[in-house]
Amino acid sequence: MMLRSLVPALALLLSLTVQAAPAPGQQAIASAHPIATEAGHRIMDQGGNAFDAAIAVAATLAVVEPYGSGIGGGGFFLLRQAGEDEPQYRFIDARETAPLAAHRDMFLDEQDKLKRVINGPLAAGIPGTPAALAHLAGHYGRLPLAQSLAPAIAAAEEGFAVGESYRTLVGFRLDAMQQDAETARIFLRDNQAPAAGDLVRQPELAETLRRMAEHGHAGFYSGPLAERLVSGVKAAGGIWEQGDLDSYRVIERDPVRFSSRGFDVITSPLPSAGGIALAGILQGMDQLPEAAHGSVQWTHQLVELMRRTYRDRAVLLGDSDFVEVPEERLLSVDHARRLAAGVDPQRATPSLELGPAIPFHEGTNTTHFSLIDREGNAVAATLSVNLPFGAAFTVPGTGVLLNNEMDDFAADPDGRNSYGLEGSEANAIAPGKRPLSSMTPTMLENENQLAVLGTPGGSRIISMVLLGTLEAMAGRPVEEWVSRPRFHHQYLPDHIQIEDAAFSAEQRRALEKLGHTIKPVGRDYGDMQVLQWDKRRAEISAASDPRGEGEATARRPVRRD
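Residue numbering for the sequence shown follows UniProt numbering, starting at 1 and increasing by one per position.
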């Protein structure tokens, strides 16, 4: 009798377990820049695995895409380790930390009003990317760190040609970049944006990468380079101390995992808000009446669940190493069921009906790459410096352009940050704390396929990953995951942000009739990078967002020594 009672539970467990599949025999990379994509392939062709390639891609993006990521920033790496049985997943948290001299009210003036600090070293958290690259090499890679960093060092020395994305984003941050002599010297020409095709060379950054290649973690966080970083930051008004660098470590976490629509969803835990939000929305959709993909009712349901999960983000979420967050409850099907129960099929719920406004903030300039090796090891990584070109401050003599991730904290827990996101005490500044993030590297897997995806985009990351996930679950080709028009709701401000092609005129009228306010964002957004391993056909497909300048390629490995 007892054995019979265990059968349903065992069947459910087996249905949720991803079974081992033959290795794909191919490798694929989708990244935001062709030079970075080629760097990753080169490392895999030299015998490296996906984790070695991830080092090469991340470090090369730090060189050629300084407006989106960098050695002076941080991010998240979601890892899939192929095995003889089922795969194993790990999450590497390399988010920046607040300096030890930071405190809750450091950006409030004498009248308790928020002083916006987004430029200069006071805006910078302690970088995590260098530690992540050393950690990947030491714990997961096959090649020496120096070999995996070689493409990035070459790119820094030889230079890269400026593209339109670079020029556009300089336009957003030109005033700040002009205020720092080192940043202007390296990244501008005659104090203006370089012309398209101009070469940007970074010999000081190449030397920093060489030091990391030789000494690993210690090459950045201690010794002569660390001394130069601390003295340069302090001379310009920052608060870093050597103890900040000494104490920085990446944290290995268990990823968020849940099931939806026949897939095991493996995604980002705190301090990313993404995993909790995806669990609430996807499991919430599973509780609602089925609606045709892309229909008005389907859109209404998604928006209403976005509204509710973004309010959870504003009220409850922060660095769970510092504040108590009810993660188990927020990830549960019961919580998703409660969210879904509040959705009125005939009416949009005004956000303020859900509770008082609790304002928050997040930068949009980030990068993402997805890759897989011939054995089935895979990486989804989202990296950032926050605003374009971070704090617009480069530490003299190092080539290290610093992040301005301190702006991702609720600097004023009762106020609102630069991207309109609401904040709370859970995300208040504290020494050593990691700011809440929307970066959401994600994988979907079942016995038939593996999907790897993610994107930059600040507070819109979660909704973009959600829409890409739903395209993947619906069986659409990878090109549609990255190209589909996008929409987004984040609780406050209370409107649906849309790309121009997101809805037809008829759909807009129907959504407005339900009570939704729709606001075009004026331009396309996001730069999603995805791949899919079709296990049945033994084929890998990869796609790079047409809105960006990236490159996605899948190919058979070519051995290069």
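Beta carbons are placed, not taken as given, at the ideal position from N, Cα and C, and that holds for glycine.
In this text the structure is predicted, and so the values were computed from the model without any measurement.
Host beta strand (DSSP E) of residue i (start-end)
i      : result
GLY75  : 74-81
ALA554 : 551-555
ARG90  : 88-94
ASP264 : 263-267
ILE372 : 365-372
GLU539 : 539-544
ILE498 : 496-498
Range of the contiguous alpha helix (DSSP H) that encloses residue i
i           : result
VAL170      : 164-179
HIS300      : 296-316
GLN242      : 242-247
GLN287      : 274-287
ARG329      : 327-331
LEU352      : Premise fails: LEU352 is in no alpha helix (DSSP H) and is neither H nor E.
residue 562 : Coverage of the chain is limited to positions 1 through 561, which leaves residue 562 absent and any answer about it impossible.
PRO151      : 145-158
HIS217      : 217-221
Sequence-distant residues of its chain with Cβ nearer than 7 Å to residue i (five each side left out)
i      : result
PRO24  : ILE372, ARG374, GLY376, TRP533, ALA538, ILE540
HIS335 : GLY280, ARG329
PHE322 : ALA430, LYS433
GLN449 : GLN532, TRP533, ASP534, LYS535
SER260 : LEU282, GLN283, ASP286
ASP105 : none
ARG210 : ILE153
PRO66  : PHE187, PHE389, LEU401
GLY48  : GLY141, ARG142, LEU143, SER148
Helix, strand or coil at residue i according to DSSP, with G and I counted as helix
i           : result
THR440      : coil
LEU531      : strand
residue 614 : There is simply no residue 614 to check, as the chain begins at 1 and stops at 561 in what is shown.
HIS516      : coil
ILE29       : strand
PHE487      : strand
ILE239      : coil
GLU252      : strand
ARG257      : strand
ASN427      : helix
THR37       : helix
SER459      : helix
ASP407      : helix
GLY454      : strand
VAL558      : coil
LEU108      : strand
GLU447      : coil
ARG338      : helix
GLY210      : It is worth fixing the name first, because residue 210 is Arg in this sequence and not Gly. It is helical.
THR398      : coil
PHE187      : helix
LEU136      : helix
ALA292      : coil
LEU492      : coil
ASN417      : A caution first: ASN417 carries a pLDDT of 47, below 50, which makes its placement in the model unreliable, though a value can still be read off. Correct three-state label for ASN417: coil.
Rounded distance between the beta-carbons of residue j and residue i, thought under 8 Å
i      : j      : result
LEU169 : PHE369 : About 18 Å separates the two Cβ atoms, so there is no contact after all.
THR37  : GLU551 : 4 Å
VAL343 : LEU305 : 7 Å
ILE126 : PRO99  : 6 Å
PHE160 : VAL64  : 4 Å
GLY75  : LEU205 : About 18 Å; that fails the 8 Å criterion.
LEU387 : ARG185 : Actually they are not in contact, since the Cβ atoms of LEU387 and ARG185 sit about 20 Å apart, beyond 8 Å.
PRO271 : ARG484 : So it is not a contact: roughly 28 Å between Cβ atoms.
Spatial neighbours of residue i in its chain, beta-carbon cut-off 8 Å, leaving aside the 5 residues before and after
i      : result
ARG547 : ASP524, TYR525, GLY526, ASP527
PRO350 : ASP494, GLY515
GLU549 : ALA32, HIS33, PRO34, GLY163, GLU164, SER165
PRO397 : Looking at the sequence itself, residue 397 is Gly, so the reference to Pro does not match. So the qualifying residues of the chain are GLU204, ARG228, GLY232.
Through-space distance from residue j to residue i, alpha-carbon basis
i           : j      : result
ASP45       : THR442 : 25 Å
VAL482      : THR367 : 14 Å
VAL385      : PRO557 : 32 Å
GLN250      : ARG347 : Inspection of the sequence shows that residue 250 is occupied by Val rather than by Gln. Spanning the two alpha carbons is a distance of roughly 45 Å.
ALA543      : GLU479 : 6 Å
PRO326      : SER463 : 22 Å
ALA391      : ARG508 : 39 Å
SER148      : ALA236 : 33 Å
GLU499      : THR299 : 14 Å
ASP93       : GLY318 : 14 Å
residue 603 : ALA213 : Since the first and last residues shown for the chain are 1 and 561, residue 603 lies out of range.
LEU436      : THR309 : 14 Å
PHE258      : SER320 : 19 Å
TYR248      : GLU512 : 49 Å
GLY238      : PRO130 : 20 Å
Any non-hydrogen atom of the ligand COA within 7 Å of residue i CB
i      : result
SER459 : Only the bare structure without any ligand can be found here, which leaves the ligand COA out of the picture.
Same chain, Cβ closer than 6 Å to residue i, five either side skipped, listed in chain order
i      : result
GLN497 : HIS488, LYS519, VAL521
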